[in-house]
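*Asks:* In order, the protein sequence lines correspond to chains A and B. Residue numbers for the first sequence follow numbering that gives the first Met the number 0, so the first one is 0 and each next one is one higher. Residue numbers for the second sequence follow numbering that gives the first Met the number 0, so the first one is 0 and each next one is one higher. Even for Gly, the Cβ is constructed at its ideal location relative to N, Cα and C.
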Amino acid sequence: MNDILDQTMTALAHPIRRAILERLMRGEARVTDLARPFKMSLNAVSKHIRVLERARLVRRRRVWREHRVSFNPEPLDEVSSWIEKRRAFWTQQLDALDALLTGEDADTHRPGPVK
Amino acid sequence: MTNATQVVSLRVSRRFTASAERVFDAWLDPERAGRFLFATPTGEMVRCEIDPRVGGQYRLVERRDGEDVEHLGEYREIDRPRRLVFTLSVPKYSSASTVITIEIAPLDTGCELTLTDESVPTEWADRNREGWTSILEGLAETVD
Chain A
0 MNDILDQTMT
10 ALAHPIRRAI
20 LERLMRGEAR
30 VTDLARPFKM
40 SLNAVSKHIR
50 VLERARLVRR
60 RRVWREHRVS
70 FNPEPLDEVS
80 SWIEKRRAFW
90 TQQLDALDAL
100 LTGEDADTHR
110 PGPVK
Chain B
0 MTNATQVVSL
10 RVSRRFTASA
20 ERVFDAWLDP
30 ERAGRFLFAT
40 PTGEMVRCEI
50 DPRVGGQYRL
60 VERRDGEDVE
70 HLGEYREIDR
80 PRRLVFTLSV
90 PKYSSASTVI
100 TIEIAPLDTG
110 CELTLTDESV
120 PTEWADRNRE
130 GWTSILEGLA
140 ETVD
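(1) How is E21(A) classed by DSSP in three states: helix, strand or coil?
(2) Nearest to L70(B) by alpha carbon, out of V22(B), E61(B), D78(B)?
(3) Is the number of C-beta pairs between the segment 69 to 76 of chain A and the segment 84 to 103 of chain A that are closer than 8 Å three or more?
(4) To the nearest angstrom, how far is it from the Cα of R86(A) to the Cα of E65(A)?
(5) Bridge partners of H70(B), per DSSP?
(6) Against chain A, with Cβ distances strictly below 8 Å, would T100(B) count as a contact?
(7) Roughly how many whole angstroms lie between the Cα atoms of V50(A) and A10(A)?
(8) Hey, how far is the Cα of L23(A) from the Cα of L56(A)?
(9) Could you confirm whether any beta carbon from chain A is found closer than 8 Å to the beta carbon of A95(B)?
(10) Anything in the segment 27 to 43 of chain B with a Cβ closer than 7 Å to a Cβ of chain A? List those residues in chain order, please.
(11) Please report the residue range of the alpha helix (DSSP H) in which F23(B) lies.
(12) Do three or more CB pairs link the segment 9 to 16 of chain B to the segment 69 to 85 of chain B at distances below 8 Å?
(13) Do F149(B) and L99(A) have their C-beta atoms within less than 8 Å of each other?
(14) Is T121(B) helix, strand or coil by DSSP?
(15) Under 8 Å, do V62(A) and T7(A) count as touching if we go by C-beta distance?
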């Protein structure tokens with residue numbers, strides 16, 4: 000896995016951050032609104048938002064004195080496509096293993112090369 | 000990925016006409032492993048070292064377009080012919096290491112192999128963008 004995907008998945012590994020994203024999927028929110036359901040300090044929520052920002056899963060913009068946060072789905076698409084590639088990779092390995100063993104069977108049923 | 004709460008992952012299954020023992024042994028036999036494992040159609044396997052014991056390491060190097068790609072890991076469990084667990088890292092592409100579990104179930108003829116790649120948590124493995132929404136919703140409920 001490359002390090003960008005690793006960062007995305009690390010960001011997603013925390014339940015609070017996933018909950019923040021779930022909320023943001025329904026639309027942009029203020030940092031104070033995001034903090035409310037979790038009974039956490041604004042500071043603690045901001046830390047989680049920074050992790051999501053580093054992974055490019057959220058964008059932050061300033062409107063007057065408020066920070067508004069929105070969801071960016073692109074990294075999730077990258078994770079999905081990485082998973083697909085990984086699945087294709089292992090499928091190909093197992094195909095190759097099957098071909099190898101089947102080839103050995105065919106060899107044992109055939110007269111060997113004349114030496 | 001180092002988070003302990005992340006369970007299993009990406010899973011691929013396949014049936015083989017060969018016996019469970021032959022399928023199992025191919026993973027640990029340098030001569031056979033070098034011909035299928037981490038091998039690409041156009042690459043050339045230049046090194047295949049396998050120390051097939053728990054705690055033993057392996058190193059497979061394939062030359063792809065003049066570049067050497069190294070696959071490294073350590074065997075965690077070896078239970079012939081049912082189960083093989085090893086770590087895998089490809090330093091050229093990532094500093095991360097993943098755990099691969101191979102489970103082989105004998106059938107009347109041949110066997111069925113299931114490979115699990117723990118670099119992806121199970122709940123994510125079959126998701127597209129829409130699928131993520133439901134995952135995130137489900138998890139949000141448990142936090143609220």
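*Replies:* For this structure:
(1) Note: E21(A) maps to helix in three-state DSSP.
(2) The sequence given here has His at residue 70(B), not Leu. Comparing Cα-Cα distances from H70(B) to each of V22(B), E61(B), D78(B), the minimum goes to E61(B).
(3) Between the segment 69 to 76 of chain A and the segment 84 to 103 of chain A, the count of Cβ pairs shorter than 8 Å is below three; the stretches do not touch.
(4) One C-alpha to the other measures close to 43 Å.
(5) When beta bridges are read from the DSSP output, H70(B) appears opposite L59(B).
(6) No, its Cβ sits nowhere closer than 8 Å to a Cβ of chain A.
(7) Straight-line Cα distance between these residues: approximately 6 Å.
(8) As the crow flies, the alpha-carbon of L23(A) is around 10 Å from that of L56(A).
(9) So, interface residue.
(10) Shown in chain order are the members of the segment 27 to 43 of chain B whose Cβ falls below 7 Å from a Cβ of chain A: R31, R34, F35, L36, A38.
(11) Looking at the DSSP string, the run of the alpha helix (DSSP H) that includes F23(B) is 19 to 27.
(12) Touching, no.
(13) Limits of chain B in this structure are 0 at one end and 143 at the other, which puts residue 149(B) out of reach.
(14) With a pLDDT of 48 at T121(B), under the threshold of 50, the modelled position of this residue cannot be trusted, and the question is left open.
(15) When the beta-carbon positions are compared, V62(A) and T7(A) stay at least 8 Å from each other.
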